Amino acid sequence: MDLLQLTSLLIVLAGLFGAVNYLFLKLPTAIGILVVSLAASLTILVLDLLFAGFRVDDELRLIVGEIAFSDALLEGMLGLLLFAGALHVKLSDLREQWLLVALMATMGVALSTVIVGFGFSWLTG
């Protein structure tokens with residue numbers, strides 16, 4: 031199974047799990063998809079125990095073992111996760127807390143710069 035097939039399968043499963051949650055469970059989206067995916071995972075494990083010839087767990091371990099999670103997370107998912115998180119920010123709440131947000135962002139960048147600078151200076155001598 032190559033990357034395109036795996037990505038397509040995950041998108042289809044996410045849509046299916048979302049539909050099951052919407053039609054039957056009626057839980058908040060994140061919780062409902064988590065519950066349905068947990069049930070699907072447990073079902074696969076039980077089927078694997080009942081039918082020893084299935085060996086689904088070995089195949090899934092091989093597929094997951096081939097994924098470079100660091101690259102997938104930083105280059106593939108991080109931008110989408112940040113964008114999705116930013117969609118849920120209420121501008122009225124942000125306007126109320128703008129000074130604190132600006133101060134924390136500025137101090138965070140400055141502190142990170144100092145730590146990386148001193149660390150790099152220490153490593154390179």
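Using the numbering used here, the letters of the sequence shown map in sequence onto residues 31 to 155.
For glycine and all other residues, C-beta sits at the position ideal for the given N, C-alpha and C.
What you are looking at is a predicted structure, and each value in this text was computed from that prediction instead of being measured.
Candidates the options: closest to residue i by CA position
i   : options                : result
I63 : I41, F84, S122         : I41
T37 : K120, T136, L133, A102 : A102
D32 : I74, E96, L80          : E96
Short Cβ contact (9 Å threshold) for residue i with residue j
i    : j    : result
V50  : V76  : no
A70  : F47  : yes
L141 : V131 : no
Spatial neighbours of residue i in its chain, beta-carbon cut-off 6 Å, leaving aside the 5 residues before and after
i   : result
D87 : D78
Residues near residue i by beta carbon distance below 8 Å, same chain, minus five either side
i    : result
A116 : none
Where in the segment 70-117 do unbroken runs of the alpha helix (DSSP H), each at least 4 residues long, occur, reported from the N-terminal end onward?
86-95, 108-117
Three-pair Cβ contact test at 8 Å for the segment 104-120 versus the segment 52-66
no
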